[in-house]
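K.L.:
All residue numbers for the sequence shown refer to our numbering, where the first residue is 33 and numbers rise by one. Glycine included, each C-beta is placed from N, C-alpha and C at the ideal position. It should be emphasised that the depicted structure is a prediction, and the values quoted were computed from it without experimental measurement.
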Amino acid sequence: MDDNQRRDDGMAQRRKVLGNEWVDKSIKNRNAFNTDFQDLITRYAWGDIWTRPHFDHRTRRVLVIGTMVALGQWDEFRLHVRAALAEGGFTPDDIKEILLQQAIYCGVPAANHAVKEANAIIAELDLLKG
Numbered sequence: 033m034d035d036n037q038r039r040d041d042g043m044a045q046r047r048k049v050l051g052n053e054w055v056d057k058s059i060k061n062r063n064a065f066n067t068d069f070q071d072l073i074t075r076y077a078w079g080d081i082w083t084r085p086h087f088d089h090r091t092r093r094v095l096v097i098g099t100m101v102a103l104g105q106w107d108e109f110r111l112h113v114r115a116a117l118a119e120g121g122f123t124p125d126d127i128k129e130i131l132l133q134q135a136i137y138c139g140v141p142a143a144n145h146a147v148k149e150a151n152a153i154i155a156e157l158d159l160l161k162g
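1) If L72 sits next to E119, beta carbons under 8 Å apart, how far is it from one beta carbon to the other, in whole angstroms?
2) In chain order, what residues of the same chain lie with their CB nearer than 6 Å to the CB of H89, ignoring the 5 residues before and after it?
3) Round the Cβ separation of A146 and F122 to the nearest angstrom and send it over; I've been treating them as touching at under 8 Å.
4) Can you give me the start and stop residues for the alpha helix (DSSP H) that T83 sits inside?
5) Is it a yes or a no for the segment 133 to 148 touching the segment 100 to 107, going by three-plus beta-carbon pairs under 8 Å?
6) Are three or more beta carbon pairs between the segment 44 to 61 and the segment 76 to 87 nearer than 8 Å?
7) For Q70, which three-state DSSP category applies?
8) Run the CB neighbour count on I130, radius 10 Å, all protein chains shown included, and call it buried at 16 or more, exposed below.
9) Go ahead and pull the three-state DSSP assignment for N151.
10) For a test of the three-state rule: what should DSSP assign to F109, helix, strand or coil?
11) Can you list, in chain order, the residues of its chain whose CB lies under 7 Å from that of R114, leaving out five sequence neighbours each side?
12) Classify R75 as buried or exposed, calling it buried when 16 or more other Cβ atoms lie within 10 Å of its own Cβ.
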């Protein structure tokens with residue numbers, strides 16, 4: 033696959049996973065400093081990795097959310113939790129189960145912060161029960 037095809041496939045994946053609104057905002061915010069980085073992640077993260085056939089998008093989303101908790105990367109965590117809930121068919125209970133698992137493997141402080149961040153997104157999307 034050449035870089036143009038990888039870029040096109042990657043952009044399609046980005047839109048499918050993150051939603052058009054997020055991707056359009058990202059494209060609008062490109063500039064001379066960040067354009068090369070945006071192109072890199074579109075071609076490689078989205079075009080090479082997210083298009084691989086072995087894992088479905090649901091599994092990849094679980095892996096990314098769990099990894100972001102482990103790394104304490106809260107901007108990316110919020111991005112992927114929001115996308116999982118809004119675009120990926122995840123429920124708040126799905127996110128809760130990921131975070132309970134991560135509490136054991138990443139530690140309670142990381143999971144505690146993740147619960148706080150996810151709760152805010154769930155409330156913002158009006159997905160809280162009762």
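P.N.:
Quick answer:
1) In fact, because the Cβ distance is near 23 Å, the residues do not count as touching under 8 Å.
2) The beta carbon of H89 is closer than 6 Å to none in its chain, skipping five residues each way along the sequence.
3) Their Cβ separation, rounded to whole angstroms, is 14 Å, which puts A146 and F122 out of contact at 8 Å.
4) Looking at the DSSP string, T83 is not in any alpha helix (DSSP H), and its letter there is neither H nor E.
5) yes
6) Contact between the segment 44 to 61 and the segment 76 to 87 is present: three or more C-beta pairs spanning the two stretches fall below 8 Å.
7) Secondary structure of Q70 (DSSP, three-state): helix.
8) buried
9) helix
10) helix
11) I153
12) buried
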